[in-house]
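In the working numbering, the protein residues as written are 8 to 324. Note that CB positions come from ideal geometry on N, CA and C, so glycine has one too. To keep things clear, I will list the structure first and then write my remarks on it.
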Amino acid sequence: MPTVFVTSATGSVGSALCQQLRALNWRVRAITRDPDSKSAQHLKALGVELIPGDWDDQDALRAGLTGCDKLFLCLLPDLSDFKKVPARAKTIAAIAKSSGVTQAVGLTTLGNFAVEEGTKPPPKYAPSPFFAQHFHAKKRVEQALIEGGFDHWTILRPGFFMANFLEPKINMGMGYAEIKENGTWTTSMTATSPLGLVDHVDIARFAVTAFQKPDLLHGRLLAVVSEELLVQEAFDQLAAAIGDSERSIKAKFMSDEECAKAQAEGSWRFFSSETCVRYMSDYTNLEELSDLIGGLTTFKKFFEREKEGVKETYHRK
Ligand SMILES: NC(=O)c1ccc[n+]([C@@H]2O[C@H](COP(=O)([O-])OP(=O)(O)OC[C@H]3O[C@@H](n4cnc5c(N)ncnc54)[C@H](OP(=O)(O)O)[C@@H]3O)[C@@H](O)[C@H]2O)c1
């Protein structure tokens, strides 16, 4: 049975991945800053070996990676220092390689297609300088795995997490809290641009597929979404899941001028002002994705599964 080293294991994708790998009876090691947290203890109960430490703790990383066959690399961005995370990725990749890891699966972002040289079709809008720096940092994380000397590597580039509409992610300061607080979402998307939504459990399923069949997804920069919906369609489904007839959720679409103004002000609220996100569906292939993992989670199904989260996030206080 292979052993997989999972970063961000207590996060949404990581915990789903740990659960799926343990269900296959694979061995899993996870680095966490707080082994006593509720999510870490949940992983421990599944049989995951917890390694106390953080992404800068090279001794902990070396101890955890020694004896592992595979690495799942998911690092949070640092929007105040775009050099920091790529450097971490490089260090972790080097430690993994020297510890005998032969396969790496990385998680970055769908937006990277907007700054990819030679992307087909070429991006219709360039990201703002700030957003471009974020994407380039994510690309350098990818590069760390691609150039890491592993026999197999795969990069998963997910779209917009369905979980962003629920706590805790709705509160992460990206402007999504407006949805629960005001029943609106001010967005640079348009009424006709499809939003690529992804279930974190599906992302984990892609990672498991890559780990189980290393040749199948080797060398791929895979755009990962579960369903594409117009923003208002998605909100109508969310409102139906909330099930309160007095409550609607309305998209407020920004004009190009409003987007340009917000960009000039240096908005860091992702999706609030970036016109490039309107065209991300140019890079997705839902048919291939569905074939790869045998069906994708619809937004409706996501809310059925997460009904407790919907209640917690949207019940009137
Ligand atoms: N939300 C979206 O729509 C979206 C779209 C595309 C891509 N992404 C990408 O998805 C990734 C986030 O994945 P997620 O949502 O599954 O994560 P998450 O739920 O936000 O969890 C964050 C994880 O990071 C770990 N962590 C944070 N700082 C750490 C540090 N210094 N050292 C060690 N561990 C640390 C935490 O572990 P402990 O607290 O246990 O240490 C936790 O497991 C990001 O890279 C983001 O850019 C998100």
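Between residue 101 and residue 239, the alpha-carbon positions lie close to 44 Å from each other. Non-local C-beta neighbours of residue 63 in its own chain, meaning closer than 6 Å and more than five positions away in sequence, are absent. In the DSSP assignment, residue 314 falls within the unbroken alpha helix (DSSP H) covering 314 to 321. Only exposed fits residue 322, as fewer than 16 other CB atoms lie within 10 angstroms of its CB. At least one heavy atom of ligand 1 falls within 7 Å of the beta-carbon of residue 171.
A check of alpha carbon separations from residue 120 across 233, 242, 138 identifies 138 as the nearest. As far as DSSP is concerned, residue 152 takes part in no beta bridge. Of the heavy atoms belonging to ligand 1, at least one sits nearer than 7 Å to the Cβ of residue 167. A straight line joining the alpha-carbon of residue 261 with that of residue 245 spans about 21 Å.
Cβ-Cβ distances below 6 Å link residue 118 to 142 in the same chain, with the five nearest sequence neighbours on each side left out; the list follows chain order.
Just measuring C-alpha positions, the residue of 221, 274, 18, 87 sitting nearest residue 182 is 274. A straight line joining the alpha-carbon of residue 94 with that of residue 301 spans about 36 Å. Ligand 1 has a heavy atom closer than 7 Å to the beta-carbon of residue 41. Minimum Cα-Cα distance from residue 305 among the listed residues 23, 243, 78, 206 corresponds to 206. Distance from the C-beta of residue 38 to the nearest heavy atom of ligand 1 is below 7 Å. Residue 199 has its Cβ no nearer than 7 Å to any heavy atom of ligand 1. By the Cβ neighbour-count rule, residue 164 is buried, with 16 or more other Cβ atoms within 10 Å of its own. Shown here for residue 283: same chain residues with a beta carbon closer than 8 Å to its own, the five before and five after excluded, namely 118, 121, 130, 131, 132, 133, 134, 138 in chain order. Nearest neighbour of residue 112 by Cα position, chosen from 185, 298, 158, turns out to be 158. Secondary structure within the stretch 62 to 117: the alpha helix (DSSP H) runs of 4 or more consecutive residues, fully enclosed, are 65 to 72, 91 to 105 (chain order). Scanning the stretch 186 to 253 from its first residue to its last, the whole alpha helix (DSSP H) runs of 4-plus residues come out as 207 to 219, 238 to 249.
For residue 20, the enclosing alpha helix (DSSP H) stretches over residues 19 to 30. By the Cβ criterion, the stretch 66 to 83 is in contact with the stretch 31 to 42, since at least three pairs of Cβ atoms, one from each stretch, lie closer than 8 Å. Excluding five sequence positions before and after residue 177, the CB atoms of its chain that fall closer than 7 Å to its own CB belong to 171, 183, 184, 186, 187, 320, given in chain order.
Residue environment: residue 82 is assigned as buried (16 or more neighbouring CB atoms within 10 Å of its CB, all protein chains considered). The C-alpha of residue 125 lies about 26 Å from the C-alpha of residue 91.
In the DSSP annotation of this structure, residue 133 is not part of any alpha helix (DSSP H), being labelled neither H nor E. For the set 230, 19, 155, the Cα lying nearest the Cα of residue 316 is the one of 19.
Annotation: residue 303 is outside any alpha helix (DSSP H) and is labelled neither H nor E by DSSP. Counted as a single uninterrupted DSSP element, the stretch harbouring residue 264 is not any beta strand (DSSP E) but the alpha helix (DSSP H) occupying residues 263 to 271. Taking a C-beta distance under 8 Å as the contact criterion, residue 151 and residue 104 do not qualify as a contact pair. Here residue 241 is near residue 204, since their CB atoms are less than 8 Å apart.
Judged by DSSP in its simplified three-state form, residue 13 adopts strand.
Apart from the 5 residues on each side of it in sequence, residue 225 sits with its Cβ closer than 6 Å to the Cβ of 159 in its chain, given in chain order.
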